[in-house]
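Only one structure is covered here, and it is reproduced in the block below.
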Amino acid sequence: MLSNYKLIPNDQELLHSPCKSVSKRKGLKIADILLKEIKANKPICIGMASNQIGLNKRVAVVHIEPTDKPIILINPVIIEKEHPLKAMHEGCMSFPNQQKKVVRYGWIKVETKLGVYEFGKRKPSFNDYLTCVAVQHEIDHLNGVTIMDKCLQPMVGTKKPKRNSPCHCGSGNKYKNCCL
0 MLSNYKLIPN DQELLHSPCK SVSKRKGLKI ADILLKEIKA NKPICIGMAS NQIGLNKRVA
60 VVHIEPTDKP IILINPVIIE KEHPLKAMHE GCMSFPNQQK KVVRYGWIKV ETKLGVYEFG
120 KRKPSFNDYL TCVAVQHEID HLNGVTIMDK CLQPMVGTKK PKRNSPCHCG SGNKYKNCCL
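Using numbering that gives the first Met the number 0, read the sequence shown as starting at 0 and increasing by one per residue.
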């Protein structure tokens, strides 16, 4: 359960609207609130965006391991990206008990009020990939995009692609190297 703030229902407009920029000082206050909410919802929650609790500000926090330092994203913008991952199943606090397959980049560079950060393939560990996916997931929330908007839809009424055909997920990879 969320401790002090209520998780807004997934049909509210705020969850589907881009968030507004915020100052560094205000962003750090909101990040503190989000971190408390993440900790109150461990282990199912590893990240949260401010609009998920009704605050229309561009702030999100990702906190994978309790021993790691939380990643605070204030007005984040992905400035570089490369190497799409295979589609991964993601969950979301805004859509409880649902997992959707979403394609994410394997490496990103993000600019925030606190600096520029890189996430992904440069450190080939599962936690680093998970962090990279979680950061993209939370930035999507701040842009008004949810996993329901980005999830791969089953192909209906079409043939399954051949192994060397381009993958239907839009990654640009051959089907055999992507979603097979």
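All residues carry an ideal CB built from backbone N, CA and C; glycine is no exception.
- Taking C-alpha positions only, LEU14 is separated from LYS149 by approximately 14 Å.
- Residue pairing from DSSP leaves LEU129 without any beta-bridge partner.
- For ILE70, the closest alpha carbon among the candidates ILE107, LEU34, ILE77 is that of LEU34.
- The region 43-62 and the region 18-29 touch, with no fewer than 3 CB-CB distances between them shorter than 8 Å.
- Contact between the region 139-147 and the region 109-117 is absent: fewer than three C-beta pairs spanning the two stretches fall below 8 Å.
- LEU72 is not a Cβ neighbour of GLY105, given a cutoff of 7 Å.
- Listed as beta-bridge partners of GLN51 by DSSP are no residues whatsoever.
- ASN163 has its alpha-carbon roughly 38 Å from the corresponding atom of HIS62.
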